[in-house]
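J.: If you're matching positions, the sequence shown starts at 246 in this note's numbering and goes up one per residue.
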Amino acid sequence: MAKYFLALCCLTFLSLPVWSQGYQPEEALRKMESPKGFQIQLVASEPLIRQPLSISFDERGRLWVLQYLQYPTPAGLKAVQRDEYLRTVWDKVPEPPPFGPKGIDRITILSEPNSQGEFTKSKDFLSDLNICSGFCLGTGGVYVLQSPYLLFYPDKNRDDVPDGPPEVLLKGFGMEDTHSLANNLQWGPDGWLYGAAGSTSTSRVINPARTDSPAIEFQQGIWRYHPRKKIFELFTEGGGNIWGLDFDKYGECIAGTNYGGKAMMHMIPGAYYVKSFSKHGELHNPFAYGYFDHVPYQDFQGGHVTNGGRIYQAERYPQEFRDTYMAGNLLSNVVNWHVMSSDGSSFKARHGGTLLKANDSWFRPVDCRLGPDGCLYVADWYDKRASHLDPIDNWDKTNGRIYRVFYPGSEPKPFDLSKLKSQELVELLENPNKWYRIEAKRILAERQDRSVLPRLKTLALGSEDWKSLESLWMAFQLGGFEDPSWVAQLLGSADPHIRAWTIRLAGEQTNLERTTDLRQIAEKLSSTESNPIVRVQMLQTPNGLDFDIVRMLKSERDQKDPFLPLLYWWRYDRLTNDIAVDTSSDLESLSKFLVWESQIFRDVILPRLARKFLFLAASSERKLKIGIWLLKKAPDAAAIRAILSGFDQAIINEANNSQLNLASALKVLSKNNLYDELLSRLLIKLRDEQAISDLMVKLRAPETKESDRLKFIKLLSLVRDKRIGEVIYSEFLKAKSEGYRVATLQALQKQQNPSFNSMLVEMFPKSQGSIRSVLKGMLLAREDTALQLLVKVDSGELKATEFPMELVKNCALFHSKKVDEIILKHWGRIVPQSAGEKIARIRSLSAAIRKTAGNPMHGKELFTKTCSTCHQIFGEGGKVGPDLTSADRKNLDYMLTQIIDPSAYIRPEYISHTAKLSSGQVLTGLIKDPSPERITLQNIRDNQVLETVISRSDIEELSPSSVSLMPEKLLDTFSEQDAADLLAYLQSTPPAKANTKKLKILLISGSLEYKSDESLVEFKKIVEKEYPWECTLAIRKTDSEILNLKFLKDCDLAIFFTRRLTVEGEQLQLVKDYLKSNKPLIGIRTASHGFQNYLQMDKEILGGDYQGHYGAGPKCEVQITEKGKSHPILLKVQPFSSPGSLYKNPTPAKDIQVLLTGSIPDHKEPVAWIREVNQRRLFYTSLGHPSDFQNPNFRRMLTNAILWVTEK
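Have a look at this one:
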């Protein structure tokens, strides 16, 4: 909404020198920059207007301005409650005007511009408005958003005075957060009035004209209202705190966003979109099982709020600016333009450039609008403050400006479009300036003059590109879709946009006769339509032309489209909502929709279908019958696996009683080893006695490998059972490797057995390493064991200093008197610093840093060590916390506030939650990937990201926390120079992208003994998702031939994982040429003896001295050397265990630097090292067992090694 503004801390902090004083309008104008040929012009400023929030032009070319002066608190209301998100409960719901309390918002008309384009006259159309967040002109009056109401003020005689009190069209829009209200009223191309809804207010909209319809609840999204039909609809659900809404020339809806790194969302009817689930709750359809995200964006620049955007649709600006998305970036004080290109049924986008650079931190562009002259107009809220957090009203309401981004061209003469004849208005539908087209359609719709309908029908079929669409949209509003023969002609158009919109509008035309001709066309299009834009509409139009989804799926056209695969599922979700199973014919009605030959059906629909029915089986055994029936209908193993994966997602840990009947159906499949592991997991969850017993036998068998034992332990831990707990505890006691002991400990954590917990408490004082670390978190997460452990601290058996404050703070959540007393005694009162202490610290550091020259290179090292686990900047780092690239980084005091007082403002998507479980555990973290069945809590432990999947049935209480996961006092261990260095890096300019092409990596595989093919294929998938790398596999065909080895000539990096291959001739020469070049190199495990005809590779190139290996059996404990601890290859890598036999390297080259060593009883060897020769970097590790590739520490090391050897 109007103020997405980032947080500062409190009113006292406003006295800090965060901002320079604002400029007078003329001075602010002189500081502005624009592209060559453009000029910024001031068209309105204080005192004529103040706090402009939304702007619009009427049919006479006058500029209407909404002045949002009442913000942030409604007049006449009192706050009775505020939550941690500053959502406010007011003491009453205000009555609509003129009966409710009067505010100071107003809608003002500006007119009579002078020769410089500056408006000289103003008149209020409305005043006394109270938190008015949007308006739109049309149908003989003005539509006004004043939550909780959508109002209409008639002005039939056009005298700029309302004819009387407003009509209440809708009521129930949320008003908890006045920076997050319904907003941006716009006329859609189809005659509907569209609006956006912000994220932090919950709407429950009631339509007084439809008293039989229930309230529609939503938190954020796009909604619409039809003025003549008196219909309200939720167009899309989800999105960010949307402020900005427009339609491109094809009628596609584009919305703004407050997500960093993105600029827009492409909103299609009936779809679900990403939102801050932890704050705003789930999507209202629990079976959506997915959502769409933002338009993919390349080279994003600026802060995280992109708002008030407009797609430039005129010809005044040069070609490169046309059809680009022009929007304000609130935090960066600029207006950017974004280039959009088609991507299947949607778009992708990139940064085009900056249209208006203010060079003024007070410039706050909140709305943009295309004017009758073909120029972009920008509303500037103009305020030093950029924070909606503080509820105290200290906004500067003395100013506000509106600018025109001028480019030379002819200026329109005075006009009044309402005086044009209808035929003249039809001609305006082909005007290159979209503003005229919008106004012409609006006036024609108000007149309902059907005499122009024949002309419109002809133009819709005969015009080019967007011009035909304009006539189509207008003809629809005049009743053209009552003619089925014309609709049939439109469906045969060569223009896919005409076909798509015909399908959409035919679905809205309730009195359109579905003739035989239309039915036949729909049937044909189901098989032949190839355009993804049309196919989207075929799936998303309810009550439409009844397209055959089975035929559409069989065409196999849509697998890679950004929208279509998930749209197919949403269509199936609707189809299956009312299916019963009372008779066999009920199931057969579903049978025709089982399109086994379709990959989308198998990959996308089938698992979700199974998941939905098994989830519903918890309350309806009839739905379980459908799930079992579906399983029996599956034609092959792959289909069965897809169904089982859906069942698996529906049950997190143990099944409920209604779902247990599934076990007997699954046992029939148990002989097929292809999906044996998946079946086992399901049967365990279903508490099948035979499956549990069989697994425990396998677990205890002496010949079972430890890697398999790990799998079995994880499976058994899904069920809470005393017998299983005893088995796991037994495995813990006899475990030989640290990795296995950790795994059994984590499995024990899920069992509710007080005797085990007490034994673990007694074991803790003697524990070491990662076992001790896991025990800390495990024991302090439960009230009973936390008390036992803290008693040992109180007795002096344990030192208080070894327990991190973050874990101790978690204990305070138990609200136990005994626990609190011990904490107070040994750690003091656990309260954050006072506001005064934080302000003093901010002031002190701010003054010191301004006097100290920071070293950004050292700052980058500090960031990597201290911050990068959670935060990303310039494309590097973790994603637990916000991406700092798009933060308000240039504002030193803002950055210091966020670091020193991280809980002052927490972005909604980063709110931490506390989960109290039925097991007695209390866990905290960020909610990730929520679903009807589960949540994932993400936290940081020992500088590692820790994720815990929790079944909703295990949660007794889930509550948001007002405390950030980011610890306070982070800078207390920093010297002033260190703090200056860190801030210098955080405020630095992003590094230039000198080379945007992908890094070409050749993965050379040929180590059958260690399953190099499987390991490298999976590794390739993982890294290509995270990095701009293009990985090619060169795979052993025979010992003497490697496929794809020719790519060695052109790759940027070769990774060797071969064993004693006998290649010779041209292929061996390719290998030697690469090895003797200066290109980077990585060798894995058997690469030390990778080529039988070139065994010198080990000593000459890798720097090793391979002399065989020790016997199999003992686990290799991998440790980091002193030099390795500070090396970037081992960033975020922890010691781990490897099941692979330890390689002997008694006398490696002297110029290698050993990073890791491996130990077995009585032996220790180097297992990972680097070598730098002639400016060439190489990395070798003798690790590489298949289990190593499953270990995140090994994969992270290998990924870091790629970055290091290629100097990325």
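Here a beta-carbon is modelled for each residue, glycine too, at the ideal position from N, C-alpha and C.
#1: What are the start and end residues of each continuous alpha helix (DSSP H) run of 4 or more residues lying completely inside the segment 698-745, in chain order?
#2: List the endpoints of the continuous alpha helix (DSSP H) containing Y1255.
#3: Please state the DSSP three-state secondary structure of F608.
#4: Report all residues from its chain with a CB closer than 7 Å to the CB of S667; omit the five preceding and five following residues, and keep chain order.
#5: Are G485 and S444 closer than 8 Å when you measure CB to CB?
#6: From what residue to what residue does the beta strand (DSSP E) around F370 run?
#7: Kindly give me the distance between the Cβ atoms of N375 and P410, rounded to whole angstroms, as I take these residues to be in contact under 8 Å.
#8: Assuming N429 is part of the beta strand (DSSP E), what are its boundary residues?
#9: Can you give me the C-alpha to C-alpha distance between L839 and F846, rounded to a whole angstrom?
#10: Would you report the Cα separation of S356 and Q844, rounded to the nearest angstrom?
#11: Go through its chain and collect everything with a Cβ distance to W711's Cβ below 7 Å, but skip five positions before and after it.
#12: On the DSSP bridge assignment, give the partners of H511 in chain order.
#13: Taking C-beta to C-beta, are D605 and A273 nearer than 8 Å?
#14: Taking only runs that begin and end inside the segment 1302-1362, name each unbroken beta strand (DSSP E) of 3 or more residues, in chain order.
#15: Out of curiosity, what's the CA-to-CA distance linking T599 and F1059?
#16: Could you give the distance in angstroms between the alpha-carbon of V584 and the alpha-carbon of G573?
#17: DSSP three-state label for T1234, please.
#18: With which residues is R449 paired in a DSSP beta bridge?
#19: Let's test the definition: count the other Cβ atoms within 10 Å of the Cβ of M512 and tell me whether it reaches 16, buried, or not, exposed.
#20: If we require 3 or more residues per run, which beta strand (DSSP E) segments fall completely within the segment 870-932?
#21: Applying the criterion that 16 or more other CB atoms from any shown protein chain within 10 Å of the CB defines a buried residue, is G1349 buried or exposed?
#22: If we call anything under 8 Å between Cβ atoms a contact, is L576 one with H539?
#23: Run through DSSP, which three-state label would A1239 get?
#24: Answer with buried or exposed for M719, where buried requires no fewer than 16 other C-beta atoms within 10 angstroms of its C-beta.
#25: Helix, strand or coil for Q286? Go by DSSP, reduced to three states.
#26: The beta strand (DSSP E) spanning M1102 covers which residue range?
#27: Leaving out five residues before and five after W335 in sequence, what residues of the same chain have Cβ atoms less than 6 Å from its Cβ?
#28: Report the rounded CA-to-CA distance for L919 versus G1385, giving the unit in angstroms.
#29: Using CA coordinates, which residue listed in P741, W874, T821 is at the minimum distance from M783?
#30: In the DSSP assignment, what residue or residues form a beta bridge with Q543?
#31: Report the rounded CA-to-CA distance for A460 versus I451, giving the unit in angstroms.
#32: Do you know how far the Cα of L1290 is from the Cα of E1047?
#33: Need the endpoints of the beta strand (DSSP E) that C377 sits in, please.
#34: From A508 to K799, what distance separates their C-alpha atoms?
#35: For E272, report the span of its alpha helix (DSSP H) as first-last.
#36: Quick check on the DSSP output: the alpha helix (DSSP H) that includes E934 runs from which residue to which?
T.: So, to answer that:
#1: Runs of the alpha helix (DSSP H) inside the segment 698-745: 698-707, 710-722, 729-736.
#2: As a position in the sequence shown, residue 1255 is number 1010, starting the count at 1. Element bounds for Y1255: n/a, residue is neither H nor E.
#3: Against the sequence shown, residue 608 aligns to sequence position 363. In the structure shown, F608 sits in coil (DSSP, three-state: anything other than H, G, I, E or B).
#4: Sequence index remark: in the sequence shown, residue 667 carries index 422 (1-based). Around S667: L689, R692, D694, S696, V697.
#5: In the sequence shown, the residue the question calls residue 485 occupies position 240. In the sequence shown, the residue the question calls residue 444 occupies position 199. The criterion of a C-beta distance shorter than 8 Å is satisfied by G485 and S444.
#6: Taking the sequence shown and counting its residues from 1, one reaches residue 370 at position 125. F370 -> beta strand (DSSP E) spans 364-374.
#7: In the sequence shown, counting from the first residue as 1, residue 375 sits at position 130. In the sequence shown, counting from the first residue as 1, residue 410 sits at position 165. Their Cβ separation, rounded to whole angstroms, is 15 Å, which puts N375 and P410 out of contact at 8 Å.
#8: The sequence position of residue 429 within the sequence shown is 184, counting from 1. Note, N429: beta strand (DSSP E), 427-432.
#9: Numbered from 1 along the sequence shown, position 594 holds the residue referred to as residue 839. Numbered from 1 along the sequence shown, position 601 holds the residue referred to as residue 846. Approximately 8 Å between the Cα atoms of the pair.
#10: Here residue 356 refers to the residue found at position 111 when the sequence shown is read from its first residue. Here residue 844 refers to the residue found at position 599 when the sequence shown is read from its first residue. Approximately 60 Å, taken between the alpha carbons.
#11: Working through the sequence shown from its first residue, we reach residue 711 at position 466. Excluding positions up to five away in sequence, the list reads K494, Y495.
#12: Here residue 511 refers to the residue found at position 266 when the sequence shown is read from its first residue. Answer by DSSP bridge pairing, in chain order: I499.
#13: The count along the sequence shown starts at 1 and reaches residue 605 at position 360. The count along the sequence shown starts at 1 and reaches residue 273 at position 28. In contact: D605 and A273 (Cβ atoms closer than 8 Å).
#14: If we require 3 residues or more, the beta strand (DSSP E) runs fully inside the segment 1302-1362 come out as 1326-1329.
#15: Working through the sequence shown from its first residue, we reach residue 599 at position 354. Working through the sequence shown from its first residue, we reach residue 1059 at position 814. Going by the C-alpha atoms only, they are around 52 Å apart.
#16: By one-based count along the sequence shown, residue 584 stands at place 339. By one-based count along the sequence shown, residue 573 stands at place 328. Their backbone Cα atoms lie some 15 Å apart in a straight line.
#17: Here the question's residue 1234 lines up with position 989 in the sequence shown. Note: T1234 maps to coil in three-state DSSP.
#18: For this step, residue 449 is matched to residue 204 along the sequence shown. Bridge partners of R449: E462.
#19: Locating residue 512 in the sequence shown gives position 267, where the first residue counts as 1. M512 is classed as buried because its beta carbon has at least 16 other beta carbons within 10 Å across all chains shown.
#20: Inside the segment 870-932, DSSP marks no whole beta strand (DSSP E) run of 3 or more residues.
#21: Residue numbering aside, residue 1349 sits at position 1104 when the sequence shown is read from its first letter. That one is buried.
#22: Residue numbering aside, residue 576 sits at position 331 when the sequence shown is read from its first letter. Residue numbering aside, residue 539 sits at position 294 when the sequence shown is read from its first letter. For the 8 Å CB-CB criterion, L576 and H539 do not form a contact.
#23: As a working mapping, residue 1239 is identified with position 994 in the sequence shown. Because A1239 carries a pLDDT of 47, less than 50, the predicted location of this residue cannot be relied on, and the following value inherits that uncertainty. Correct three-state label for A1239: coil.
#24: Locating residue 719 in the sequence shown gives position 474, counting from the first residue. With at least 16 other beta carbons inside 10 angstroms of its own, M719 counts as buried.
#25: If you number the sequence shown from 1, residue 286 lands on position 41. In the structure shown, Q286 adopts extended strand secondary structure according to DSSP, grouped into three states.
#26: Looking up residue 1102 in the sequence shown gives position 857. Residue range 1101-1111 is occupied by the alpha helix (DSSP H) that includes M1102, with no beta strand (DSSP E) assigned at that position.
#27: One-based indexing of the sequence shown puts residue 335 at position 90. If you ignore the 5 residues before and after W335, its C-beta comes within less than 6 Å of the C-beta of L322, all in its own chain and listed in chain order.
#28: Against the sequence shown, residue 919 aligns to sequence position 674. Against the sequence shown, residue 1385 aligns to sequence position 1140. Summary for L919: the model assigns pLDDT 46, below 50, so the residue's position carries little reliability; its value from the coordinates is reported in the next sentence. Approximately 26 Å, taken between the alpha carbons.
#29: Along the sequence shown, read from residue 1 onward, the residue named residue 783 stands at position 538. Among P741, W874, T821, the Cα nearest to that of M783 is on P741.
#30: Walking along the sequence shown from the start, residue 543 turns up at place 298. BP columns for Q543 point to R595.
#31: Within the sequence shown, numbered from 1, the residue matching residue 460 stands at position 215. Within the sequence shown, numbered from 1, the residue matching residue 451 stands at position 206. Distance between the alpha carbons of A460 and I451: 5 Å.
#32: On the sequence shown, position 802 is the one that residue 1047 refers to. On the sequence shown, position 1045 is the one that residue 1290 refers to. Linking E1047 to L1290 through their CA atoms gives a straight-line distance of about 53 Å.
#33: Within the sequence shown, residue 377 is the residue found at index 132, counting from 1. Counting along the chain, the beta strand (DSSP E) containing C377 begins and ends at 377-382.
#34: Your numbering for residue 508 matches position 263 in the sequence shown. Your numbering for residue 799 matches position 554 in the sequence shown. Computed Cα separation, rounded: 35 Å.
#35: As a working mapping, residue 272 is identified with position 27 in the sequence shown. Note, E272: alpha helix (DSSP H), 270-276.
#36: Against the sequence shown, residue 934 aligns to sequence position 689. For E934, the enclosing alpha helix (DSSP H) stretches over residues 934-945.
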